[in-house]
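To get our numbering, take the position in the sequence shown, counting from 1, and add 9. From the three backbone atoms N, C-alpha and C, an ideal C-beta is built for every residue, glycine too. Reading through the structure tokens given below for one structure.
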Amino acid sequence: MKIGVFVQNRNFFGAKLIHAPLFDSIQKRYPSAEITALAPYNDHQFFVDMGLAHRSLFYKKGFLSTHKLLQEEHFDIIFNLI
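Here it is in structure tokens:
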């Protein structure tokens with residue numbers, strides 16, 4: 010199972026840290042799922058480095074680029090925090 014999580018678009022430590030309980034809950038609910046953090050800023054590796062997600066991706070803001078990303082990734086579940 011593939012899960013995508015659109016994180017908040019604020020690129021500072023506090024905004025990233027508040028995602029921890031959500032990622033923890035997702036990991037417990039879906040232990041075998043591959044969780045991907047989707048961030049609209051280049052410093053997106055934080056979520057992988059902290060063990061919150063298995064991988065992270067940068068996405069450009071805008072409907073067409075976001076739609077293309079979702080078409081390519083084929084997520085089973087998507088969480089949106091933006």
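Exposure label - residue i; buried when at least 16 CB within 10 Å
i: residue 26; result: exposed
i: residue 22; result: exposed
i: residue 53; result: buried
i: residue 74; result: exposed
i: residue 49; result: buried
Three-state secondary structure (DSSP) of residue i
i: residue 47; result: strand
i: residue 11; result: strand
i: residue 84; result: coil
Presumed contact (8 Å Cβ cut-off) between residue i and residue j, rounded CB distance
i: residue 24; j: residue 44; result: With a Cβ gap of about 18 Å, residue 24 and residue 44 do not count as contacting.
i: residue 13; j: residue 84; result: 4 Å
i: residue 15; j: residue 89; result: 5 Å
When the options are compared against residue i, the one with the closest alpha-carbon
i: residue 29; options: 11, 46, 40 and 10; result: 46
i: residue 17; options: 37, 41, 56 and 40; result: 56
Extent of the continuous beta strand (DSSP E) run through residue i
i: residue 57; result: That residue, residue 57, is in no beta strand (DSSP E); its alpha helix (DSSP H) goes 55-58.
Segment limits, alpha helix (DSSP H) that includes residue i
i: residue 19; result: Counting along the chain, residue 19 falls outside any alpha helix (DSSP H), and DSSP gives it neither H nor E.
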